[in-house]
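Take a look at the structure below.
Number of protein chains: 2
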Amino acid sequence: MKRVADSTVRRLSLYLRYLEEFEAGGSSTISSDELAARAGTTSAQVRKDLSVFGSFGKRGLGYDVVELTRRLRDILGLGREWRVIIVGAGKVGGALAQYRGFRQRGFSIAAVYDSDPAKIGNAFESFTVRDIASLKDDIRRQPADIAILTVPGDVAQRVLDQVVAAGIRAVLNFAPAQLHAPDQVTVKTVNMAMELEGLSFALTNPVAARSA
Amino acid sequence: MKRVADSTVRRLSLYLRYLEEFEAGGSSTISSDELAARAGTTSAQVRKDLSVFGSFGKRGLGYDVVELTRRLRDILGLGREWRVIIVGAGKVGGALAQYRGFRQRGFSIAAVYDSDPAKIGNAFESFTVRDIASLKDDIRRQPADIAILTVPGDVAQRVLDQVVAAGIRAVLNFAPAQLHAPDQVTVKTVNMAMELEGLSFALTNPVAARSA
DNA sequence: CTTATCTTGTGAAGAAATTCACAAGGCCGT
DNA sequence: ACGGCCTTGTGAATTTCTTCACAAGATAAG
């Protein structure tokens with residue numbers, strides 16, 4: 001299969017979000033122009049993005065909302081439930097553990113881990129904090145798909161190595177560190193300080209900064 | 001000034017992070033190759049990124065760590081303290097309010113706001129939750145630079161309009177919504193469900209997904 | 001059936017970002 | 001002072017991404 005750009009996948013997520021709104025609103029068909037207006041892009045971009053995966057529309061008419069929603073869910077792999085573990089029972093981990101948006105979209109939190117003996121065994125949101133040392137065994141018994149890392153930056157690489165060794169192949173990293181993993185493992189890093197620095201740059205160089 | 005790509009700014013942030021590590025480690029000079037290896041890019045990319053803002057290196061020798069660190073701080077606008085307000089006194093807002101990494105990099109949380117009467121006045125981390133209605137007056141008395149939005153998606157646009165009306169020109173949005181703001185206002189959105197969908201796509205289409 | 005009106009899907013053009021590749025400098029040892 | 005060795009800074013080439021623009025197909029009305 002042809003390589004798909006990250007930016008394309010992000011836009012598909014956005015389109016799906018708006019399609020769901022339209023679906024709720026009762027519209028049965030939507031044009032690339034309408035979707036583009038909502039997602040802040042152009043109709044050509046919408047059609048190009050979709051054309052990577054096939055042709056889902058009817059000329060002169062647009063896209064069937066229900067059909068396109070289904071296809072996007074398929075493409076994004078949202079037809080099933082993904083088991084997610086959170087490593088790091090701190091404030092950020094807690095906020096994520098109770099975040100409703102995840103389950104709504106098919107991501108269910110399976111367990112929360114930490115390495116701090118003072119935390120292991122404690123109640124944490126609706127979970128009991130488990131020992132990171134038992135991760136490998138746990139996963140052998142009951143696989144998990146995605147790990148969210150909410151650990152301090154200086155241990156993030158070590159924790160990543162552990163979850164990779166346990167068989168996880170997708171990681172969302174909130175630690176302020178650039179992580180290295182084998183090719184078959186996908187790591188996405190969200191670095192909030194870095195986002196703020198982008199804003200600092202924009203405030204400092206109003207002319208130079210792109211409109212984001 | 002020439003337009004600077006968002007990706008360039010993000011990489012500059014990364015470079016700065018590694019330079020600070022090197023500085024702590026005592027190295028006095030660094031090559032584009034070394035920086036690139038750390039940041040997961042190429043030496044040519046590093047030099048191109050820097051060349052947008054000037055030429056800071058010495059041929060045959062590399063970059064002076066202290067000097068380059070200082071220049072990057074200047075470029076990113078980190079030479080001063082930025083006043084940040086958090087709107088939305090929920091779990092995510094709380095996690096951010098107490099996050100050390102922000103203050104370390106010159107972003108100081110000035111206040112936390114909410115619109116829920118049940119929350120206003122309450123202690124929240126080391127702050128007292130203020131009424132969003134008083135935002136405009138507060139800011140007139142004591143300006144703020146950046147707003148972090150940790151509110152539900154369905155009110156995010158309204159809250160954005162409020163902070164823009166109060167004079168804020170940079171916003172970091174954690175609400176799951178695509179927001180629209182005037183050109184002179186920079187909005188960055190972090191959507192965690194969307195990041196997970198990117199991972200879902202990568203797991204579902206191993207060949208097609210870019211190595212992120 | 002024919003015409004008028006839409007909107008898709010997609011090559012081609014254009015723009016933007018990344019990588020290549022090498023001349024220009026600077027340092028060091030002799 | 002000179003030659004050998006590095007590494008920068010940057011045009012040019014390449015690759016990737018976005019926008020343009022239009023033929024092809026679909027619907028609807030008369």
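In order, the protein sequence lines correspond to chains A and B.
Under the numbering used here, think of the first position of the first sequence as 1, with each following residue one higher.
Under the numbering used here, think of the first position of the second sequence as 1, with each following residue one higher.
Beta carbons: idealized from backbone N, C-alpha and C, even for Gly.
Inset, instruction - Note down the Cα distance separating Y206/B from R3/A, rounded to an integer number of angstroms. - result: Reading the second sequence from its first residue, position 206 is the one you call residue 206/B. Reading the first sequence from its first residue, position 3 is the one you call residue 3/A. The identity of residue 206/B in the sequence shown is Pro, whereas the question assumes Tyr. Cα to Cα, the separation comes out at about 10 Å.
Legend entry - DSSP-derived helix/strand/coil call for Y15/A: Taking the first sequence and counting its residues from 1, the one referred to as residue 15/A is at position 15. Of the three classes helix, strand and coil, the one that applies to Y15/A here is helix, per DSSP.
Inset, instruction - May I ask which residues mark the beginning and end of the beta strand (DSSP E) holding G94/A? - result: Taking the first residue of the first sequence as 1, we reach residue 94/A at position 94. Not the beta strand (DSSP E): G94/A falls in the alpha helix (DSSP H), residues 91–97.
Legend entry - Neighbour list for P213/B in chain A, Cβ cutoff strictly below 7 Å: In the structure displayed, chain B extends from 1 to 212; residue 213/B sits before or after that span and is not available.
Legend entry - Three-state class that DSSP yields for S55/B in the structure shown: As a working note, residue 55/B is residue 55 in the second sequence. In the three-state reduction of the DSSP assignment, S55/B falls in the coil class, being assigned neither a helical nor a strand state.
Inset, instruction - Tell me whether D137/A sits in a helix, a strand or coil according to DSSP, three-state version. - result: Numbered from 1 along the first sequence, position 137 holds the residue referred to as residue 137/A. D137/A falls in the helix class under three-state DSSP.
Inset, instruction - Work out the CA separation of I85/A and K136/A for me, nearest whole Å. - result: Position 136 of the first sequence, counting from 1, holds the residue named residue 136/A. Position 85 of the first sequence, counting from 1, holds the residue named residue 85/A. The alpha-carbon atoms of K136/A and I85/A are separated by roughly 12 Å.
Inset, instruction - Could you tell me the boundaries of the alpha helix (DSSP H) in which D33/B lies? - result: Residue numbering aside, residue 33/B sits at position 33 when the second sequence is read from its first letter. Note, D33/B: alpha helix (DSSP H), 32–39.
Legend entry - Exposure of A60/B, with buried meaning 16 or more beta-carbon neighbours within 10 Å: Within the second sequence, residue 60/B is the residue found at index 60, counting from 1. Residue identity check: residue 60/B is Gly in the sequence provided, not Ala. When all chains shown are included, G60/B counts as exposed.
Legend entry - Burial state of M219/A, where buried means 16 or more other Cβ atoms lie within 10 Å: The structure shown does not extend to residue 219/A, since chain A is modelled only from 1 to 212, so the question has no answer here.
Inset, instruction - Locate the beta strand (DSSP E) running through F174/A, then write down its first and last residues. - result: Residue mapping note: residue 174/A aligns to position 174 of the first sequence, counting from 1. From DSSP, F174/A is part of no beta strand (DSSP E); its letter is neither H nor E.
Legend entry - Contact set between I146/B and chain A, taken where Cβ atoms lie within less than 9 Å: As a working note, residue 146/B is residue 146 in the second sequence. Going along chain A in sequence order, the residues near I146/B (Cβ under 9 Å) are L196, L199, S200, L203.
Legend entry - Rounded C-alpha distance that separates I214/A from S108/A: There is no way to answer for residue 214/A, as the model of chain A reaches only from 1 to 212.
Legend entry - Beta carbon proximity, R47/A to chain B, threshold 8 Å: As a position in the first sequence, residue 47/A is number 47, starting the count at 1. So no, R47/A is outside the interface.
Inset, instruction - Express the C-alpha separation of T128/A and V129/B in angstroms, rounding to a whole number. - result: Residue 129/B sits at position 129 when you count from the first residue of the second sequence. Residue 128/A sits at position 128 when you count from the first residue of the first sequence. Rounded to whole angstroms, V129/B to T128/A spans 30 Å at the Cα level.
Legend entry - Within chain B, partners of I50/A - CB distance below 8 Å: The count along the first sequence starts at 1 and reaches residue 50/A at position 50. The residue you asked about is not Ile; residue 50/A is Leu in the sequence shown. What L50/A touches in chain B: nothing, since even the nearest Cβ is about 14 Å away.
Inset, instruction - Helix, strand or coil for K188/B, going by three-state DSSP, please let me know. - result: What you label residue 188/B is simply residue 188 of the second sequence in a count that begins at 1. Of the three classes helix, strand and coil, the one that applies to K188/B here is strand, per DSSP.
Legend entry - DSSP-derived helix/strand/coil call for S200/B: Translated into the one-based positions of the second sequence, residue 200/B becomes position 200. In this structure, S200/B counts as helix in the three-state DSSP scheme.
Inset, instruction - Would you mind giving the Cβ-Cβ distance between L197/A and S13/B, rounded to the nearest angstrom? I have them listed as a contact below 8 Å. - result: Position 197 of the first sequence, counting from 1, holds the residue named residue 197/A. Position 13 of the second sequence, counting from 1, holds the residue named residue 13/B. Position check: residue 197/A holds Glu in this sequence, whereas Leu was assumed. Their Cβ separation, rounded to whole angstroms, is 5 Å, which keeps E197/A and S13/B in contact under 8 Å.
Legend entry - Closer than 8 Å to chain A by CB, K119/B: As a position in the second sequence, residue 119/B is number 119, starting the count at 1. Output row for K119/B: interface = no.
Inset, instruction - Compile a chain-ordered list of the residues in the segment 10–38 of chain A whose CB is closer than 9 Å to at least one CB of chain B. - result: R10, L12, S13, L14, L16, R17, Y18, R38
Inset, instruction - Please state whether DSSP places S43/B in a helix, a strand or coil. - result: Mapped onto the second sequence, residue 43/B falls at position 43. Reduced to three states, the DSSP call for S43/B is helix.
Inset, instruction - Tell me whether the beta-carbon of A95/A lies closer than 8 Å to the beta-carbon of A95/B. - result: Mapped onto the first sequence, residue 95/A falls at position 95. Mapped onto the second sequence, residue 95/B falls at position 95. The answer is yes: Cβ separation under 8 Å.
Inset, instruction - List the endpoints of the continuous alpha helix (DSSP H) containing V164/A. - result: Mapped onto the first sequence, residue 164/A falls at position 164. Per DSSP, V164/A belongs to the alpha helix (DSSP H) from 153–165.
Legend entry - Range of the contiguous alpha helix (DSSP H) that encloses R71/B: As a working mapping, residue 71/B is identified with position 71 in the second sequence. Per DSSP, R71/B belongs to the alpha helix (DSSP H) from 65–76.
Legend entry - Check whether V187/A and A181/A have beta carbons under 8 Å apart: Stepping through the first sequence from its first residue, residue 187/A is reached at position 187. Stepping through the first sequence from its first residue, residue 181/A is reached at position 181. Yes, they are a contact pair.
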